[in-house]
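K.L.:
In this note's numbering, the protein residues as written are 1201 to 1288.
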């Protein structure tokens, strides 16, 4: 799957993007922090299985942050250095 400004074949234009990349980045970062803290807390409480599940979700959040950042860079190269709000 190519990682560009927007996946090929998706509906969306420059005015109405396919995905709010900035919002996705903020939500992924929030998910990473919450999952990491809860995972550490569960490990210390002795609940290893839920701790590992939350650690896996934290890893998924990191992967999502990397993919979103790559798409934001591709968008910046394609559109120039314009201002994007949280919902664009």
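A virtual CB, placed ideally from N, CA and C, is assigned to each residue, including glycine.
Everything numeric in this text was worked out from a predicted model, so none of it was measured.
Can the beta-carbon of residue 1221 be found less than 9 Å from the beta-carbon of residue 1271?
P.N.:
Yes.
K.L.:
Give me, in chain order, the residues of the same chain whose beta-carbon lies closer than 7 Å to that of residue 1246; leave out the 5 immediate sequence neighbours on both sides.
P.N.:
Excluding positions up to five away in sequence, the list is empty.
K.L.:
Could you give the DSSP three-state label for residue 1246: helix, strand or coil?
P.N.:
Residue state, collapsed to three classes: coil.
K.L.:
Determine the burial state of residue 1268: buried for a count of at least 16 other Cβ atoms within 10 Å of its Cβ, exposed for fewer.
P.N.:
The residue in question, residue 1268, is buried, as its Cβ has 16 or more Cβ neighbours within 10 Å.
K.L.:
Return the residue from the list 1258, 1279, 1248 and 1225 that minimises the CA-CA distance to residue 1237.
P.N.:
Nearest of 1258, 1279, 1248 and 1225 to residue 1237, Cα basis: 1258.
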